[in-house]
Amino acid sequence: MNLYVIYPEITVLVLALALIIIDLLLPSEETRRPLGYITILVLSILAISLFWQYHLTISAYFYQGLFYYDNYAIFFKQLFLLAVILTVLFSLQYIDTMKYSSEFYSMILFALTGMMILASANDFLTFFIGLELMTISFYALSGFGLTNKKSSEAAIKYLIIGSLSTAVTLYGISLIYGTAHSFDFAVVCKNPEFFSALGIAGMMMITAGIFFKMSIIPFHMWAPDTYEGAPVPVTGLLAMGSKAAAIAVFMRILFEAFFPAADYFMPVLAVFSAICMIGGNIAAMKQKNIKRMLAYSSIAQAGYMMVGICAASPQGLKGVLFYAFLYVLANTGAFAVVTVVALEKKGTDYEQFTALSQSAPVLAMVMSVSLLSMAGIPPTAGFAGKLYLFMAVVEHGYLWLAFVGFIMSMLSVYYYLKVVRVMYTGKSDGSTITISGAVRAAVLISMTATVVFGVWPQYLSMLTDFAAITFLR
Amino acid sequence: MEHFALTNTWLIPLLPAIAFVLIGLFFKRWAAISAFIAVLASAVSFILSTFAAFAVLNSGISVDAPFIQRVTWAEIAGLHFEMGALIDPLSVMMLFVVSLVSLLVQIYSIGYMQGNKSFGRFFAYLSLFSASMLGLNIAINFVQMYIFWELVGLCSYLLIGFYYQRIAAREAAKKAFITTRIGDFGLLIGILLLQTVFGTVDFLELKQILPLYIASYGTSTLTVIGILLFIGPIGKSGQFPLHVWLPDAMEGPAPVSALIHAATMVVAGVYLVARAYFLFASVPALLELIAWVGAFTAFFGASIALSQREIKRILAYSTISQLGYMMLALGVGSLTASLFHLFTHAFFKSLLFLCAGAVMHAMSEEADIFKMGGLRKKIPLVFAAMTVGVLAISGIPPFAGFFSKDEILSAALSVSTPMYLLATLTAFMTAFYMSRLLFVVFFGEETKAKLHNISYFMQVPLVILAILSFGSGLWGYICDFGYWIRFGAPLEEHMNLSIAILSTLLPLLAFALTWNIYVRKRWSADYIANKLGILYTVSFHKYYIDEFYALLCRIFIDGIGKIMYFIDIYIIDGIVNAVSGLVLFLSILLGKLQTGQTQRYAAAFFCGVVILLLCGILYFNTISGIVAGGGAL
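Protein chains in written order, with numbering that gives the first Met the number 0: chain A, 0 to 472; chain B, 0 to 632.
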């Protein structure tokens, strides 16, 4: 057993358990802020240490192929780590206001473990464990605003629909086991019996379960309510981590387990992707709450990333990885701002953002850059990401899909710039928002990275090439 | 140090760029800190440029064997773009001139802009300009060059419109931007054509591909590309017929005129032609076009400058005329003469503009030369500097302009006599309008106005530039500029005595004329203007080109505008409003679907599952067919 293969997961789990123990040792009136610092420190070291793992040319397995450890998995692990680090960084203050803040940190870390397992899953059992670990942690996290009715509502809704989705996914897995007699991704695709009506039905059900996580229309209905009700950092993590994890495992399942059926499945994916881009963007227009708007926008973003999956080529894959990365960066920027505003102004409607440029110019600037990146305006990274995605899919022959993407990106500018307009016009009430150093660091990191990768995409692009190399052999 | 400078030339544009960011984001409000950062960045850039120049000289880097560094900038399915630094004698000469002049102008600006409310903003823009211009100089391909080309255009726009409270400044900024955009558009199409025809925009790769291409396909496509590319320099370097923006650009502060609209940005066009000279030189018809555009512009600009009254406008038309000289030299095949003139012109023209700025500063922003007079005794230093500048531009030996202009004249003579005559006539007119400016401003009746002080910050750059205006030509001649800087094959002409004597005598004659007209008042200027009649009027009204363009705009642009307005209001808007109405309606509808009831959500979820299952079964036939046929497995 080569345990070093799962050292990132072990580290995170140990950290999560250690936080609970430390919490018990600390006097109850003591602030839990140091726990946040420890989390950030450990996760940062872990994320950086992962850079040295990339050179592995031969991918490593753990426990008879249950767990796969290749550049692709490492890339996503780093992505999740980055998302969690930045989220914790900008929400230290927010978490302080919660009742059980140390449990909050642990829960986030459990969810993170789930995501990391998902990125490495090479077997339907591992996949299911990772998925459930992540999802159940998120149920708890969504309901963490204990005094807030909306938060409870969000958690319950997420739980009910999530359980449905779990049931459907399990059913799908059992169908696949029934036909292919294996859980292993590499074995399933080699068994001709899998390509029967039952096997295909299983494949569709698992797809449904993943679509639920990715909040693809029509599996998205939970998303707006949960996004709105959940505490802001949780919403951010749901939008970034949960979605990226689902995409990571979806591509793995699609191109490993369901190959070559997947090739014939692409037109269906293309239609779902188009529906997502159209529906998400159009529904986002008339929203009054920024969190809800971001929920719909994240539905549209999932659609964009599906465009890259449809290309089913190394370029498409690279596009998805690139886009997933900058999507995390743009979302940390946006959600950091929303978190601060939610704390200071007790709300996340458009009114609360009025004249933000006067009360907190840095936040307004970061928010604008992040939203422009989501809309895909140069010189932000979003432009480069969309370019990669659409180029890949056009080469694959889906011109119409790229066209839908272009039109919808144009429409999306409307509601993104509406926020910018609100922030830069309107009368200020004269108050100023003080920003803590941690938030400032988080937003500046995300904004700088967004601009740098937009102007100079080559480095990130090299990393994604590296990640894609072990995949789609 | 030399090695460091050579291998780190990317620092040269980066430093002013950092200064721009620092000033723009943090220090805009503190005048002293902004100025300090900007001057410091420029000074380090200048030192690095100087060392890079020495390194190039000592290591035998030539135009044919340049030193190149490149990094991949972006790679998108089939397209590969690089950024980098191309270091050869051509680019280090430009780096040296640009960084030196921008350093001096920034020092001058400390004095000139003192007390201005937007002092920090001014230095931020100046730094951005230096960064863009230096970046343009080290471009390794057309795309990189185009990016910086547009950036210098942006800076020019920002700085012309620096006093944006004044309507004239705003209008001039817009005019400059739009006019040069016309040229840039041609350049852009040319670059795109290059990419589609050759598959690369890299200077060196193009240089290698080109002979083979011409051998197999001829030069017809190349001619089109060349003309399109040349439209860019026509706009940027103020060549006829896109010169109209340059005189108006004088609405900007005087240091801006000196830096951007005399010494650096406007020569970007000359630099582009020189950089892509292998391309232009491979089609003789293109060179002839460039030569004629240059010769005509030189004559044309000078003839307008003869009758203008505003001090900076005279200098602006003079710049147009001198840029014409440079283009002419390129067209007749003498790269060396053209760049030599670029080199000397950068010094004496920025000197003249800075002197004009000092005069206007002293006279409380008075621009009309006939409202000045007798300033010789009041500001002797400016007078001395201005005199050096006038002698240099008029081509009196041993001042700088004499040597470079002489090379252009002899190069022109070796190709075509009409061009030579035009150029010589221009030299006469140049001396005439420059001495007219000098005599009217500094001699004659003393003005009663009380003069402002001219600070040391303004005086020092004047002295340095005056020394350079005096010495740079002689130095270039003695050290054999063409050989020293090794612009490939020695294209330069050696000094031709008859040309040299003629081009010295003509300016002296012009001096005598203006002395008698404007100082001695032996002949009345008005009388001469009346006698010349239509010639004078045409010159004074700048050949009515502005009016002609305005008329064209009224007829075509406004006419099309009216039609488009109709279409826009009644057809496009109708469609747009309908679409946006529909989209917003859909948005509300979708929002209504979101009832908040979990049963509904679950129902939607199962609808999705059913749809997916149906799709799966629909595709099942195809898939099972493949498997049965043993296809992909």
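Where is the CB? At the ideal position from N, CA and C, for every residue including glycine. This structure is a prediction, so every number in the text was calculated from the model and none was measured.
8 Å Cβ cutoff, residue i in contact with chain A
i                    : result
tryptophan 72(B)     : yes
alanine 168(B)       : no
phenylalanine 229(B) : no
glutamine 593(B)     : yes
glycine 607(B)       : yes
leucine 209(B)       : no
glycine 590(B)       : yes
threonine 6(B)       : no
Whole-angstrom distance between residue j and residue i, CA atom to CA atom
i                    : j                 : result
serine 337(B)        : serine 409(B)     : 12 Å
alanine 455(B)       : alanine 82(A)     : The sequence as given places tyrosine at residue 455(B); alanine does not occur at that position. Cα to Cα, tyrosine 455(B) sits roughly 56 Å from alanine 82(A).
proline 230(A)       : serine 141(A)     : 6 Å
proline 232(A)       : isoleucine 73(A)  : 24 Å
alanine 175(B)       : leucine 157(B)    : 10 Å
leucine 370(A)       : tyrosine 322(A)   : 14 Å
phenylalanine 405(A) : aspartate 69(A)   : 33 Å
histidine 242(B)     : isoleucine 289(A) : 51 Å
alanine 466(A)       : glycine 318(A)    : 11 Å
alanine 488(B)       : leucine 508(B)    : Reliability of the predicted coordinates at alanine 488(B) is poor, the pLDDT of 49 falling under 50, and the value obtained from them is presented with this limitation in mind. The alpha-carbon atoms of alanine 488(B) and leucine 508(B) are separated by roughly 37 Å.
Where residue i meets chain A, residues with beta-carbon distance less than 7 Å
i             : result
serine 586(B) : Ile281, Ala282, Met284, Lys285
DSSP three-state assignment for residue i, whether helix, strand or coil
i                    : result
aspartate 262(A)     : helix
aspartate 464(A)     : helix
proline 489(B)       : Because proline 489(B) carries a pLDDT of 46, less than 50, the predicted location of this residue cannot be relied on, and the following value inherits that uncertainty. Residue state, collapsed to three classes: coil.
leucine 450(B)       : coil
phenylalanine 182(A) : coil
glutamate 250(B)     : helix
tyrosine 68(A)       : strand
phenylalanine 61(A)  : strand
threonine 168(A)     : helix
glutamine 92(A)      : helix
isoleucine 378(B)    : coil
Partner residues on chain B for residue i, Cβ-Cβ distance less than 7 Å
i                    : result
leucine 49(A)        : Simply none; closest approach about 24 Å.
glycine 235(A)       : Ordered by position in chain B, no residue passes the 7 Å Cβ test against glycine 235(A), which lies about 21 Å from the chain.
valine 403(A)        : In chain order: nothing, as chain B lies at least about 14 Å away.
phenylalanine 264(A) : Tyr618
proline 360(A)       : Ordered by position in chain B, no residue passes the 7 Å Cβ test against proline 360(A), which lies about 11 Å from the chain.
Interface residues of chain B facing residue i [CB-CB closer than 9 Å]
i             : result
lysine 317(A) : Those do not exist, as lysine 317(A) stays about 10 Å from chain B at its closest Cβ, beyond 9 Å.
valine 41(A)  : The contacting residues do not exist; valine 41(A) stays about 33 Å from chain B at best.
Test: residue i CB closer than 8 Å to a CB of chain B
i                    : result
serine 164(A)        : yes
methionine 204(A)    : yes
glycine 307(A)       : no
valine 267(A)        : yes
valine 4(A)          : no
aspartate 224(A)     : yes
valine 248(A)        : no
lysine 212(A)        : no
glutamine 457(A)     : yes
phenylalanine 218(A) : yes
alanine 207(A)       : yes
serine 296(A)        : no
serine 460(A)        : yes
lysine 417(A)        : no
Chain B contact residues for residue i, given Cβ-Cβ distances below 8 Å
i                 : result
isoleucine 160(A) : Thr597, Tyr600, Ala601, Phe604
alanine 221(A)    : The sequence given here places tryptophan at residue 221(A); alanine does not occur at that position. Simply Tyr600.
lysine 156(A)     : Thr597, Tyr600
Amino acids of chain A, ordered along the chain, whose beta-carbon sits closer than 8 Å to that of residue i
i             : result
valine 582(B) : Ile281, Met284, Leu410
Where residue i meets chain D, residues with beta-carbon distance less than 7 Å
i             : result
serine 150(A) : Note that chain D does not occur in the displayed structure, where the protein chains are A and B.
**Asked** Unbroken alpha helix (DSSP H) runs of length 4 or more, entirely within the stretch 532-591 of chain B: which are they?
**Response** As far as the stretch 532-591 of chain B is concerned, its whole alpha helix (DSSP H) runs of at least 4 residues are 533-539, 544-551, 557-566.
**Item:** Sequence ranges, alpha helix (DSSP H) only - wholly within the stretch 380-447 of chain A, length at least 4
**Value:** Secondary structure within the stretch 380-447 of chain A: the alpha helix (DSSP H) runs of 4 or more consecutive residues, fully enclosed, are 380-394, 398-423 (chain order).
**Prompt:** At which residue ranges does the stretch 73-138 of chain B contain complete alpha helix (DSSP H) runs of 4 or more residues, listed in the order of the chain?
**Reply:** Counting only runs of 4 or more residues that sit fully inside the stretch 73-138 of chain B, the alpha helix (DSSP H) segments are 88-111, 118-136, in chain order.
**Request:** Kindly provide the ranges of any alpha helix (DSSP H) runs that are 4 or more residues long and lie completely inside the stretch 201-286 of chain A, ordered along the chain.
**Result:** Within the stretch 201-286 of chain A, the alpha helix (DSSP H) runs of at least 4 residues that lie entirely inside it are, in chain order, 221-228, 231-236, 242-251, 260-284.
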